[in-house]
Amino acid sequence: MNKKYEKLFETLELPNGTTLRNRFVLAPMTHTLSHDDGTASDVELDYMESRSKDVGLAITAATYVNEEGKAFPGEPSISKEEDLEGLRALAKRMKKGGAKAIVQIHHGGAKGLPEWVPQGDVKAPSAVSTVGFGHTEPHDAREMAAEEIDQMINDFGKATSLAIQAGFDGVEIHGANHYIIEQFQSPYYNRRDDKWKDLFAVPNAIADEVLRVAKEEGPKDFIVGYRFSPEEAEDPGITMDNTEKLVKHLIKKPLDYLHVSLMNVHSVVRRGEHEGQKRVDLILDWMEDRMPLIAIGSVFSADDALSAIDTGVPLIAMGRGLLFDENFISKIREGRESEIISYFDPEREDHHNMPYLLWKAFADQFYPYPKKPQA
């Protein structure tokens, strides 16, 4: 291994005592590979094993805690006892190479797809129209009743219990990317006038319920993380001031990590008093070294990974980089970083060893990607 990359392979101890073998994290990526009922497919199991094999921590795709929150076709489920067989197989396959396996627990809220949500009854903090995954036309979502919010919070707790039974090493609460927890945190989506109008009431309630179940039912080293988005484009939406308040709520809880969702780890604040400052710098400062931060965004080479670590972020989540080259990490470890495939090439006969549905999404330019350099 090139000596300058050694820091990428240092171990890291989480607050609960769990040790991660390196600083790489498999990012939670939408894959549309599960069966229609949310149970794991063979293609999904093979794919998740291949991308988990070298990381320290592997996170599943967003996995719904209630069918009412299903936000994309082929989304995995952790909502019912019937899911357990597939979840056990998934946890085993993700851990096979030595990674810690995390299931990301999720509810789409307003982003639920009418064609997949029971009776097309899409629910949100407040009535809103929005565009869902793979759609160009908006759909309507109605305001949730108070008892439905209580049920949703309980669903996150039940999902945590199922994750424990399935043998996962932990769960990640999906509070990012315009899904329901972020919706309750956002003044754009949350215009309620009851006790849930407080923008941090639902994020706190869900985190507390998940932590309660983890403590009561899980092993002592069961991992609980929380993912969030630092800003929204909507106005009024989530700003860095809002995010500062969220982070200061979360660091008081016995969480094992926070995970910030970014398109680029070096991205800067878009507006407000912190405009132009690096988001990760602010978040790291607010976290006061209480727990590690995972950051994600545009890591396609060994030097990209090193640059991300050099920001002070202890863990780097990788999505597209590991999709294009499942051996990204081992190539660095073996001194073959120059051989990393850092782009998507739709002409490759091996399809980058990606499942066909995922490969086709890139080939159709549904997701952005760096292109093969011209000869």
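Numbering-wise, the sequence shown is residues 226 to 600 according to the working numbering. The beta carbon of each residue, even a glycine, is placed where N, CA and C say it ideally should be.
Report the residue from LEU547, LEU582 and ARG437 whose alpha carbon sits nearest the alpha carbon of VAL268.
LEU582
Candidates ASN379, ILE378 and LEU338, of which the one nearest HIS364 by Cα
LEU338
Please say whether LEU475 and LEU233 have beta carbons closer to each other than 8 Å?
no
In or out: ARG248 buried (at least 16 other Cβ within 10 Å) or exposed?
buried
Unbroken beta strand (DSSP E) run spanning LEU548, endpoints:
Not the beta strand (DSSP E): LEU548 falls in the alpha helix (DSSP H), residues 545 to 549.
Residue environment, SER563, which counts as buried when at least 16 other CB atoms sit within 10 Å:
exposed
State the Cα-Cα distance for the pair ALA384 and PRO571, rounded to the nearest angstrom.
37 Å
What does LEU540 pair with, by DSSP beta-bridge criteria?
ILE519
Taking only three categories from DSSP, how would you classify PHE587?
helix
Is ARG452 helix, strand or coil when you go by DSSP?
strand
Any chance the stretch 416 to 433 sits against the stretch 376 to 390, with 3 or more Cβ pairs inside 8 Å?
yes
Looking at C-alpha atoms only, which residue of ASP279, VAL328 and SER567 is the closest neighbour of LYS321?
ASP279
Could you tell me how far apart the beta carbons of GLY359 and LYS336 are, in whole angstroms, since I believe they sit closer than 8 Å?
Not confirmed; about 11 Å, so no contact.
Identify whether ARG246 lies in helix, strand or coil by the three-state DSSP scheme.
coil
Alpha carbon to alpha carbon, how far is ALA326 from GLU274? Give it in angstroms, no decimals.
10 Å
Boundaries of the alpha helix (DSSP H) in which TYR594 is found, first to last residue
No alpha helix (DSSP H) holds TYR594; DSSP gives it neither H nor E.
Threshold first: 3 residues or longer. Then list the beta strand (DSSP E) segments lying entirely within the stretch 244 to 320, N to C.
249 to 251 and 282 to 284
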